[in-house]
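FYI, in this note's numbering the residues of the sequence shown are -18 to 270.
Just so it is clear, CB atoms sit at the ideal spot from N, CA and C, and this is done for glycine as well.
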Amino acid sequence: MTSATALYDLPGPRTRRRHLTYGVLSAVLIAALCGRVLYLLIDTGQFTHAKWNPFAYEGIQELLLRGLGNTLRAFAYAAVLSLALGAVLAAGRLSDHRLPRWAATAVVEFFRAMPVLVMIFFVFVALKVQPLPALVTGLTLYNGSVLAEVFRAGVNSVERGQREAAYSLGMRKTQVMTYVLAPQGVRAMLPAVISQLVVALKDTSLGFLITYEEFLHAGKLIASNLDYDLPFIPVVMVISPIYIGMCMLLSWSATWVARRQRRSPRTEGPDTGPAATGTLLPGGPSAPG
């Protein structure tokens, strides 16, 4: 009696034709949708010189660059603090002691369930904090709580035998976590960490609701001072590609780091040559020729 050893069967001719049909139909629908959007933009005159000429002014360019710099500053603060908070909360969640484990669990579940905007407004209005610290605090509390679960899942994804082998060598729990579990769990958690950092980058746009002069706030100021119809569309067409480009750059950086980790000497086994004739052990019998 034989059993199947593959997870799935290779698609046959009929399945390949069906997949090709689905792909062609999807491409046609996407092209039709893009064509419809492009037609509406042209029909409403969104590509006229009068609507794009203001972006050539030096004052508008400086306003956009200043807003972009403020966005990157808020993201840098939130990213670093979120990673640090996530590591601390993950350590608490993985603790063998009940009190720190329960406290970390309560913090993670509370801030993970709270909307980011509510936390930002609470810090800004109730605690009367400046816009930048209020935005960074809200982003840090939310993203740090999510990253704590990502770190915990990454550490728990390592085989149990790795942990047991480290303990059998006499290593303490801190050493096991630092030298055995965390380095191996990085591969599993890296995609989720980068995805959460992309979320933090996009959520910096919530700063315009508390008058923080970030990139979206700069676009709103520009659109509110233009004197033609539908001024927000050209502004969105300028701002959106920059946001998308920053998120893609962040994802590319994560891919590059993951590729370098796979090529790292610490994660690769040493090259060994073919077995040669000789003695198996010092003083032992010679291996057969």
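query                                                                                                                                                       : result
Decide if VAL238 is buried, meaning its Cβ has at least 16 other Cβ atoms within 10 Å, or exposed.                                                          : exposed
Going along the chain, which residues of its own chain have a beta-carbon closer than 7 Å to the beta-carbon of ASP184, five neighbours each way excluded?  : VAL97, LEU120
Per DSSP, what kind of secondary structure is GLN177 in: helix, strand or coil?                                                                             : helix
Once DSSP output is grouped into helix, strand and coil, what is the label at GLN165?                                                                       : helix
Going along the chain, which residues of its own chain have a beta-carbon closer than 8 Å to the beta-carbon of PRO(-8), five neighbours each way excluded? : HIS0
Should LYS288 be labelled buried (16 or more other beta-carbon atoms within 10 Å of its own) or exposed?                                                    : Limits of the chain in this structure are -18 at one end and 270 at the other, which puts residue 288 out of reach.
Exposed or buried, PRO(-6), counting other C-beta atoms within 10 Å across all chains shown (16 or more means buried)?                                      : exposed
One question on the structure: do TYR193 and PRO112 come within less than 8 Å of each other, judged by their Cβ atoms?                                      : yes
On the criterion of 16 or more Cβ atoms from any shown chain inside 10 Å, does LEU19 qualify as buried, or is it exposed?                                   : exposed
Can you give me the Cβ contacts of ILE41 inside the same chain, cut-off strictly under 8 Å, excluding the 5 residues immediately before and after it?       : PRO35, ILE203
So, helix, strand or coil for GLN27, using DSSP?                                                                                                            : coil
My parser needs the alpha helix (DSSP H) runs of 4 or more residues fully inside the stretch 73 to 131; what are they?                                      : 79 to 94, 97 to 102
Just how far apart, CA to CA, sit LEU49 and PHE196?                                                                                                         : 5 Å
Exposed or buried, what is PHE56 when buried is set at 16 or more other beta-carbons lying within 10 Å of its beta-carbon?                                  : buried
Pop quiz: MET162 and VAL139 are said to be a contact at Cβ under 8 Å. What is the actual Cβ separation, rounded to whole angstroms?                         : Note that residue 162 is Leu in the sequence shown, not Met. At roughly 5 Å, the Cβ-Cβ gap stays under 8 Å, so LEU162 and VAL139 are in contact.
Apart from the five residues on each side of it in sequence, which residues of its chain come closer than 8 Å, Cβ to Cβ, to CYS228?                         : VAL179, LEU182, LYS183
Reducing DSSP to helix, strand and coil, say where LEU202 ends up.                                                                                          : helix
Which word fits ILE191, buried or exposed, when buried means at least 16 other C-beta atoms lie within 10 angstroms of its C-beta?                          : buried
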